[in-house]
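Just so we're aligned, residue 1 is where the sequence shown starts under our numbering, counting upward by one. To start, the structure under review is shown below, and the notes come after it.
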Amino acid sequence: MGRLRPQRVSGYLWPPVSRASPVGRPPSAGCHDRAVLLYEYVGKRIVDLQHTEVPDAYRGRGIAKHLAKAALDFVVEEDLKAHLTCWYLQKYVKENPLPQYLERLQP
Numbered sequence: 001m002g003r004l005r006p007q008r009v010s011g012y013l014w015p016p017v018s019r020a021s022p023v024g025r026p027p028s029a030g031c032h033d034r035a036v037l038l039y040e041y042v043g044k045r046i047v048d049l050q051h052t053e054v055p056d057a058y059r060g061r062g063i064a065k066h067l068a069k070a071a072l073d074f075v076v077e078e079d080l081k082a083h084l085t086c087w088y089l090q091k092y093v094k095e096n097p098l099p100q101y102l103e104r105l106q107p
């Protein structure tokens with residue numbers, strides 16, 4: 001899997017794509033075959049995990065779970081704080097209340 005990149009408004013795609021691919025555009029902007037996690041750095045070392053979207057054809061296969069885990073693992077590895085706007089990420093943390101995730105959450 002690729003890494004999240006520190007950009008103003010960004011996204012993480014599954015499956016990973018080359019750096020030349022458009023990252024950060026809304027899923028409705030022609031990205032119908034890729035799962036997307038949109039995020040934004042909202043402060044120094046604070047990331048807002050905003051939205052996950054998985055195409056209908058790929059739902060129910062655990063792809064959003066991979067996106068959530070990758071994003072939260074990145075937050076831990078980079079010693080960031082995270083605000084979870086995305087309902088799915090909130091659900092993921094509730095179902096996987098690992099201390100390393102919980103201690104990095106912002107209200």
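Glycine included, every Cβ here is placed at the ideal spot set by N, Cα and C. Predicted, not measured: the structure shown is a model, and the values here were computed from it.
Tell me, which residues are paired with residue i by DSSP?
i, result
"Asp33", "For Asp33, which the question treats as bridged, DSSP gives no partner whatsoever."
"Leu105", "Ala82"
"Tyr88", "For Tyr88, which the question treats as bridged, DSSP gives no partner whatsoever."
"Val47", "Tyr41 and Ala82"
With DSSP as the reference, label residue i as helix, strand or coil.
i, result
"Glu95", "helix"
"Gln100", "helix"
Just to confirm my understanding: we take residue i, look at its own chain, exclude 5 residues before and 5 after, and list those with CB closer than 6 Å. What are they?
i, result
"Trp80", "Checking the sequence, you will find Leu at residue 80 rather than Trp. Here the set comprises Arg45 and Val47."
Which first and last residues belong to the alpha helix (DSSP H) in which residue i is found?
i, result
"Asp73", "Ile63 to Glu77"
Using a Cβ-Cβ cut-off of 7 Å (strictly less than) and excluding sequence neighbours within five positions of residue i, which residues of its own chain qualify?
i, result
"Tyr58", "Ala35"
Given residue i, which residues of its chain have a CB within under 8 Å of its CB, disregarding the five upstream and five downstream residues?
i, result
"Thr85", "Asp48, Leu49, Gln50 and His51"
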